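Here this note's numbering is used: the first residue of the sequence shown is 866, the next is one more, and so on.
These notes are about the structure you will find just below.
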Amino acid sequence: MNLESPLTYSHTLLAPVIQSGDTVIDATVGNGHDTIFLASQVGRTGHVLGFDIQPQALVATKQQLVLTGLAPQTNLILAGHESLNDYLDADQEITAATFNLGYLPGSDKTITTTSTTTVPAIAACLQHLRRGGIVSVMVYYGHPAGKSEKQAVLDYVSGLDQAAFQVLQYQFINQVHEPPFLVAIQRR
């Protein structure tokens, strides 16, 4: 057995939590891998809200969703994740949310997520997160804006009330070149 990569481990954590019919969020659609995973988990009666600020990310993801038959349960939104409250009712619960911080692979590396939008978006997800639900944050920090975003995310999640949330950091510590890591937050 090999240890799972942080991204694979995020799916391992999310899979048993998400049920058919649930509402979930992909806060950073990117190349659509998490969107497809989430859509397959919620089934035809569930709903995935996917956010990205880059049109090419949404176009490529939409094509993959159509090819896999998962488009009906997915709503892709050309907007930043900081606007997710505009798409949820005030009392609406979500079961899970995924974030992949950094930049869109194969795209302009100067267009990145930032702490000024990421931390409020994580906080918004936590407000809607049902008991037992998980917010998964993949932190890629090997780019200029990444280090400050990494620190802001860690500062925020470290301060969450342990009576309400448990927070996990999953990271390989002997790898070079600033390896990505997972932060998983579960509502108690």
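All C-beta atoms in this analysis are idealised placements derived from N, C-alpha and C, irrespective of residue type, glycine included.
For clarity, every value in this text was computed on a predicted model and none was experimentally measured.
DSSP places T926 within a helical segment (H, G or I) once states are collapsed to three. With three or more CB-CB distances shorter than 8 Å, the segment 944 to 960 counts as touching the segment 968 to 983. Along the segment 886 to 919, the alpha helix (DSSP H) occurs as fully enclosed runs of 4 or more residues at 898 to 907, listed in sequence order. Taking 9 Å as the cut-off, the beta carbon of D917 is found closer than this to the beta carbon of L969. The three-state secondary structure of T960, taken from DSSP, is strand. In this structure, I959 sits near C990, with a CB-CB distance shorter than 9 Å.
When secondary structure is reduced to three states using DSSP, V1018 falls in the helix class.
As the crow flies, the alpha-carbon of V1048 is around 7 Å from that of V1004. Rounded to the nearest whole angstrom, the CA to CA distance from A880 to A904 is 11 Å. By DSSP's assignment, L941 forms a beta bridge with G915.
Setting aside the 5 residues that flank it on each side, A988 is surrounded in the same chain by Y1021, each with a C-beta closer than 8 Å to its C-beta; the list follows chain order. Check the Cα spacing between P1045 and each of G967, A1017, R1052 and K974: the tightest is with G967. The beta carbons of L872 and N965 sit closer together than 9 Å.
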